[in-house]
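Please read the structure below before turning to the comments.
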Amino acid sequence: MKHLLSTILIASLVIAFSFTVIVQVDVMRDQLHRIGQLEQDNKRLRAVVDDLIETLAGIKIEKVPDDLLIH
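For what it's worth, the numbering used here labels the leading residue of the sequence shown as -8, then goes sequentially.
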C-alpha cells in the first residue's frame, strides 16, 4: 500500500511538472510571436520615417515674409 501511494505521488508530481512546462512553452511561444510582430512594426515605422526624412530633405525652405510672422 505504501509503495502504491508513493507511485501515485510521484506520478502526480510528474504530471504537474509536465503541465507547468507545457504552459510555460505556450507563453514563450506567444511572446516570441509578439516580438516578431513588433519587429515587423518597427521595420514599417523605420520605412515611414525614412520616407518622411527624404520628403523633408527635398522641401526648399524660403524666407517667410515678415508680415506672416507672429510677433
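C-beta atoms are modelled at their ideal positions from N, C-alpha and C, and glycine is treated no differently.
Is residue i helix, strand or coil by DSSP?
i, result
"glutamate 66", "The displayed coordinates of the chain run from -8 to 62. Any statement about residue 66 would go beyond what the structure contains."
"leucine 70", "Outside the shown range of the chain, which is -8 to 62, sits residue 70, and nothing can be said about it."
"valine 14", "helix"
"methionine 19", "helix"
"isoleucine 52", "coil"
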